[in-house]
Amino acid sequence: MPKMKSNRGAKKTFKTTAGGKVKRKHSLKRHILTKKSSKRIRQLRHDALVSDADLKRVKRMLLA
Numbered sequence: 261m262p263k264m265k266s267n268r269g270a271k272k273t274f275k276t277t278a279g280g281k282v283k284r285k286h287s288l289k290r291h292i293l294t295k296k297s298s299k300r301i302r303q304l305r306h307d308a309l310v311s312d313a314d315l316k317r318v319k320r321m322l323l324a
């Protein structure tokens, strides 16, 4: 049986922390930034953690 392959898109999107949690970037920061406040844009810079509801699915995509 062949090796399992990790999802290449997920591998480029998510990073794993040392404790086993998964980090992600915020959405809504690619374009149409002029109408968004400076505070909102600044807060979107920081990474967030993947929610518990999605964690199992994301880890399965990153398994390799």
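Heads up: the sequence shown begins at 261 in the working numbering, then just goes up one per residue.
No residue lacks a Cβ here, since even glycine has one placed at the ideal position from N, Cα and C.
Exercise for review: Using the DSSP secondary-structure output, state which residues sit across from THR277 in a beta bridge.
Suggested key: DSSP, once it has assigned bridges, lists no residue as partnering THR277.
Exercise for review: Grab me the residues of ALA308's own chain with a C-beta within less than 8 Å of its C-beta, minus the 5 sequence neighbours each way, in chain order.
Suggested key: LYS283, ARG284, LYS285 and HIS286.
Point to revise | Residues bridged to ALA308 (per DSSP) | key: Answer by DSSP bridge pairing, in chain order: ARG284.
Review point. What do you reckon, are the CB atoms on ALA278 and LEU322 nearer than 9 Å?
Key: In this structure, ALA278 sits away from LEU322, with a CB-CB distance that is not shorter than 9 Å.
Check your understanding: So, LYS281 versus LEU315, is the Cβ gap smaller than 9 Å?
Key -> In this structure, LYS281 sits near LEU315, with a CB-CB distance shorter than 9 Å.
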